[in-house]
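A.B. asks: Sequential numbering from 1 applies to the sequence shown in the UniProt record's numbering.
For each residue, glycine too, the CB sits at the ideal point set by N, CA and C.
Here the structure is a predicted model, which means the values were calculated and not measured.
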Amino acid sequence: MLIILIIALIFGAQMYYYYVRSTSLKKTIDYKSAEILVNLAKTNNLGNNDVMIYSKGEVEKNSNVYSVKLKGGQIITIMTTKDN
Numbered sequence: 001m002l003i004i005l006i007i008a009l010i011f012g013a014q015m016y017y018y019y020v021r022s023t024s025l026k027k028t029i030d031y032k033s034a035e036i037l038v039n040l041a042k043t044n045n046l047g048n049n050d051v052m053i054y055s056k057g058e059v060e061k062n063s064n065v066y067s068v069k070l071k072g073g074q075i076i077t078i079m080t081t082k083d084n
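Right, here's the structure in full:
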């Protein structure tokens with residue numbers, strides 16, 4: 001009975017580890033996608049209070065703050081130090 005309990009604890013710990021790892025990777029992918037969309041908006045000279053819509057999401061610029069709303073519903077804010 002003790003062996004089954006130990007195996008169950010190990011299995012549970014592995015499942016938790018992989019859940020945390022996959023969540024972390026998903027957040028990294030979302031942030032990198034937002035960075036790409038901001039760079040596209042900068043390249044297209046997005047003006048203040050303007051919105052650009054892409055297939056992955058939309059980018060809105062307010063001063064030096066870019067707000068990216070991805071298609072999955074995540075909202076990521078990226079601040080820049082200067083306008084390019």
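Does the beta-carbon distance from K61 to L37 come in below 8 Å?
C.D. replies: Reading the sequence shown from its first residue, position 61 is the one you call residue 61. Reading the sequence shown from its first residue, position 37 is the one you call residue 37. No; because the gap between Cβ atoms is not below 8 Å, this pair is not in contact.
A.B. asks: Going by other Cβ atoms of all chains shown within 10 Å of its Cβ, with 16 needed for buried, is Y16 buried or exposed?
C.D. replies: Here the question's residue 16 lines up with position 16 in the sequence shown. That one is exposed.
A.B. asks: Using the three-state DSSP reduction, which class does N62 fall into: helix, strand or coil?
C.D. replies: Walking along the sequence shown from the start, residue 62 turns up at place 62. N62: strand per DSSP, three-state reduction.
A.B. asks: Give me the Cα-Cα distance between I10 and S22, rounded to the nearest whole angstrom.
C.D. replies: The residue given as residue 10 occupies position 10 in the sequence shown. The residue given as residue 22 occupies position 22 in the sequence shown. Rounded to the nearest angstrom, the two C-alpha atoms are 18 Å apart.
A.B. asks: If we count the other Cβ atoms within 10 Å of its Cβ and call it buried at 16 or more, is G66 buried or exposed?
C.D. replies: Stepping through the sequence shown from its first residue, residue 66 is reached at position 66. Residue identity differs from the one stated: residue 66 is Tyr in this sequence, not Gly. So Y66 ends up on the buried side.
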